[in-house]
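Colleague:
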Amino acid sequence: MSLIQLYIPAEVAQPCVAELGELGKVQFRDLNPDVNAFQRSFVSEIRRLDEMERQCRFFQAQLQKSDIYVRPLTPAAYRSRARSAQEVDDLEETLKEYESRITQMNSSYESLQRRYLQLTELRHVLRESSGFFAHAESRQETRRASLDDDSAPLLDNDVHNDFDRLNIGYVTGVIPRARMQTFERVLWRSLRGNLYINSAEIDEAIIDPDTDSVVEKNVFAIFAHGSEIIAKIKKISESLGATLYSIDDSADKRRDALLEVTNRIEDLNNVLSTTNQTRRSELIKIADNITPWTTIVRKEKAIYHTMNLFNYDVNRKCLIAEGWCPTNDIPLIQQALKDATDASGTNLPSILTELETKKTPPTYHRTNKFTEGFQGIIDAYGIARYREVNPGLFTVVSSPFSVAVMFGDIGHGALMFLAAAYLCINEKKLSQNNGEIFKMFFGGRYMMLMMGLFSIFTGAIYNDIFSLSLNLFKSGFDLPSNYTSHQSVESIPNGNIYPFGLDPAWHGSENFLLFTNSYKMKQAIIIGVTHMTLAVCLNVFNHVYYKRKAFVWLEFLPQILFMESIFGYLIFCIMYKWSVNWWELDSNGQHIHNKPPNLLNMLIYMFLTPGTVKPEDQLFPGQGPIQAVLLLIAVVCVPWMWFAKPFYLKREASQHHYESVAVDDDEEQRAVSHTEDDEEEEEEFDFSEVMIHQTIHTIEFCLNCISNTASYLRLWALSLAHAQLSSVLWDMTLKIWFTMTGPIAVIGLVIGFAMWFVLTIGILLCMEGLSAFLHALRLMWVEFDGKFYNGDGIAFQPFTFATVLEPTE
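Each residue of the sequence shown is one higher than the one before, starting from 1 at the first, in my numbering.
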């Protein structure tokens, strides 16, 4: 990384920054950190572009609302020339003109929709009210007939005579159907039942112009007496969202009004259709250009935001910029500036100079489509320090292989490999899919490809394909003729060794789980200790680069000796135990099996009884003294790690303090040693704080050597779980049908195969694969990266239009 300074003439600043945005290789620094965002040089241009961006968002919302297709942003749009000031002015006028027309048409269309809604509701009120009034009149006729009855009580006659003389009023309107029940209850309780209400459902879909949603409504008619009660009914109706319509109580006038409203609705339909077609044709024109318009506006806005980070020179004739860029890409940046200057037709060149600085540069890792996913895993843990060892290189192999150890099956690995290969082959077509979950899997397609490939390899070692075994070579066991797969397999040598992987004779045997349990557990320990040893060794490269070579002797050496004297010795014992033939021939020529020592007991008694080994735990001659020496080395390494580094740092701090005082006496030398913006305040050395930190670090390392080694046993546990789950799935779905015959067996096999395939994909591949990946991710982050990786760097974030033009939600 290099810190560069650019002198760009003001006349060509905009095209030069645009060219650098297309290149995407410079991370600009803010040279005006104390200046308010509203007081910078190009605030007016940004406000103007903000308004243009708002107009583009308005057009996009209108297009989405009208369900008009918009062409997506093509890769060619990421690479386009910078627009001149005149072109931006023309675009601004075009956007204003289109917005004015669309807004006017929207307003007109909404007012017409509201009028159409009112006429539609009025038509239903007029149509339904005829029945309401007819029903009310029939009830009045019934009451009048009861008054003419000679047997009617006199008091009732008086009451009915008063009722006929009352002025009966009515209220008609429309209310949402969801509020109808509440409406009736409120009216009944408020008026104490002094009303007569009729309602009918509107079977036509009524669209609310405010929300463009279909609303179900009812027509109602309320009859009551007294002007005060009628006024109260109107207030209650309006408060509950009802729309009131006044109609005449004459049937003839209602009929004429209904005919008139129907004619007006037909005319309004024609006007609405014409307005909608005109508006849609205008939006179609906008849809053809909205993508390039939005691209231009976003690019121009990003350019001016970047230019606000620059400073003017004294004469305000050129802009001064500073930024970080990859050192190898400086010629590309110079060529981009030259191209922008030549395209603008001016003879004023842009000047690029490299600056010497003590500032911490951002970290930039060059990736391609294969390594991008692996580097993303490391960046999720933490960005590497500048020039720190990058674990992403080792993740390419170690992470997929860790998954494969837990996921080892030839069949499952092949299915995963084929799925990932499909994503890789069709990556150009599938990259257009913006689904969040799909993008996550698509981004890790090469990781899945490696996981599937390694799973096929580990599955071949386990000799496991869909929970079955492959008998490709001659078995290494002399099995009796009456042997069944449920009997125990004894390790009687016959002079033959199975060339690759697990001998198929073990599969299905009674002691198969006992054998694989021991094998996979030891395998997990070997892989784990080897993985952690590599991580500790990578510290050497960091110490050498950061000029801390003394830390190799003070920190790395005791750590590696401590780990290898205990856990490295354990790996040696495992490998040695595997290499020894524990079968011997007796005097009669019969094979005698000598029981091998238990390594767990051996390791425990290595600490309990140093220097002595029980006969039953004896693995090789001279084992006791060797274990005593290794234990002594481990004990010595603890105070070595604990005290050596703090006292070394204390000595270095004292020496540095003495040299600093001597330099401060020389004013001229002090002026040369400090440059502007490069002064970094040095913290005062505190020996007690360093000692506490080192104590914690030493205890943590010693304990982590045990806990992290145990953490790798997840490779053993998940491998056994995956194999057993695969076996159970085979036995419960397919194997049960092989013992049957006839049509039932055929139908059962078809159904069983379907169940087996679906459950294999869903459980064993998706769920188990995801579980294995998460466990491998934990091993990579904690057990591997935690040994040497600081991950406290600054990410390189260059100015590039690729991020500016990313689709937003």
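From the three backbone atoms N, C-alpha and C, an ideal C-beta is built for every residue, glycine too.
So does the stretch 271–284 actually touch the stretch 27–47, counting three or more Cβ pairs closer than 8 Å?
Modeller: no
Colleague: What residue ranges within the stretch 716–766 form continuous alpha helix (DSSP H) runs of no fewer than 4 residues, ordered along the chain?
Modeller: 743–759
Colleague: Excluding the five sequence neighbours on either side, which residues of its own chain have a C-beta within less than 6 Å of the C-beta of D792, listed in chain order?
Modeller: none
Colleague: Taking W781 as the reference, give the member of L561, G376, M406 with the closest Cα.
Modeller: Comparing Cα positions, the closest option is G376.
Colleague: Can you list, in chain order, the residues of its chain whose CB lies under 7 Å from that of Y7, leaving out five sequence neighbours each side?
Modeller: If we look at Y7 and ignore the five residues flanking it on each side, its Cβ neighbours are C318, I320, S350, I351.
Colleague: Could you give the C-beta distance for M450 and P391, rounded to a whole number, given that I count them as a contact under 8 Å?
Modeller: Contact flag wrong, Cβ pair sits at about 16 Å.
Colleague: Taking just the CA atoms, how far does D731 sit from F515?
Modeller: 21 Å
Colleague: Does N368 pass the burial test, meaning 16 or more other C-beta atoms within 10 Å, or should it be called exposed?
Modeller: exposed
Colleague: Nearest-angstrom Cα distance between E260 and L95?
Modeller: Cα to Cα, E260 sits roughly 42 Å from L95.
Colleague: Please report the Cβ distance between L715 and A414, rounded to the nearest whole angstrom; I am assuming they are in contact, meaning their Cβ atoms lie under 8 Å.
Modeller: Cβ atoms of L715 and A414 stay farther apart than 8 Å, at about 21 Å.
Colleague: Taking C-alpha atoms, which residue in V215, T103, R101 lies nearest to L117?
Modeller: V215
Colleague: With distance defined between alpha-carbon atoms, name the residue in G748, Y712, N708, F757 nearest to S726.
Modeller: F757
Colleague: How should F738 be labelled, buried or exposed, when 16 other C-beta atoms within 10 angstroms of its C-beta is the threshold for buried?
Modeller: exposed
Colleague: Among L600, T760, L272, which residue has its Cα nearest to the Cα of D409?
Modeller: T760
Colleague: Rounded to a whole number of angstroms, what is the C-alpha to C-alpha distance between M1 and T294?
Modeller: 33 Å
Colleague: Between G24 and T800, how many whole angstroms is the CB-CB distance? I'm expecting something under 8 Å.
Modeller: 3 Å
Colleague: Could you give the distance in angstroms between the alpha-carbon of D248 and the alpha-carbon of E238?
Modeller: The straight-line gap from Cα to Cα measures roughly 20 Å.
Colleague: State buried or exposed for S111, treating a residue as buried only when at least 16 other CB atoms are found within 10 Å of its CB.
Modeller: Exposed, by the Cβ-count rule.
Colleague: On the criterion of 16 or more Cβ atoms from any shown chain inside 10 Å, does A221 qualify as buried, or is it exposed?
Modeller: buried
Colleague: Just to confirm, is the Cβ distance from E11 to T341 under 7 Å?
Modeller: Result no, Cβ atoms of E11 and T341 do not sit closer than 7 Å.
Colleague: Name the DSSP beta bridge partners of N198, please?
Modeller: Bridge partners of N198: A221.
Colleague: When the distance is taken between beta carbons, is G173 closer than 7 Å to A257?
Modeller: no
Colleague: Give every residue of the same chain whose Cβ lies closer than 7 Å to the Cβ of L119, excluding the five residues on either side of it in the sequence, and list them in chain order.
Modeller: V261, R264, I265, L268
Colleague: Does the contact criterion of 3 or more C-beta pairs under 8 Å hold for the stretch 424–441 versus the stretch 542–552?
Modeller: no
Colleague: With a threshold of 8 Å, are at least 3 pairs of Cβ atoms found where one atom belongs to the stretch 690–703 and the other to the stretch 434–446?
Modeller: no
Colleague: Which residues bound the beta strand (DSSP E) around Y7?
Modeller: Taken as a continuous stretch (DSSP letters only), the beta strand (DSSP E) holding Y7 covers 2–9.
Colleague: According to the Cβ coordinates, are G622 and V613 closer than 7 Å?
Modeller: It is not a contact, given that the beta carbons lie outside the stated cut-off.
Colleague: Give me the DSSP bridge partner(s) of S213.
Modeller: D208
Colleague: Restricting to runs no shorter than 4 residues, where is the alpha helix (DSSP H) found entirely within the stretch 388–458?
Modeller: 392–406, 410–425, 427–430, 436–443
Colleague: Answer yes or no: do F796 and P331 have a C-beta to C-beta separation smaller than 7 Å?
Modeller: Their beta carbons are not under 7 Å apart, which means F796 does not touch P331 by this criterion.
Colleague: Grouping DSSP H, G and I as helix and E and B as strand, with all else coil, what is N790?
Modeller: coil
Colleague: Measure how close the beta-carbons of I845 and V186 come, nearest whole angstrom, since I'm counting them as under 8 Å.
Modeller: The structure shown has nothing for residue 845, since the chain only spans 1 to 809.
Colleague: Look up N32 in the DSSP assignment and say whether it is helix, strand or coil.
Modeller: coil
Colleague: Closest to I230 by CA distance: which of N218, Y519, L244 is it?
Modeller: L244
Colleague: Per DSSP, what kind of secondary structure is L319 in: helix, strand or coil?
Modeller: strand
Colleague: What would DSSP say about T172, mapped onto helix, strand or coil?
Modeller: Look at T172 here: in three-state DSSP terms it is strand.
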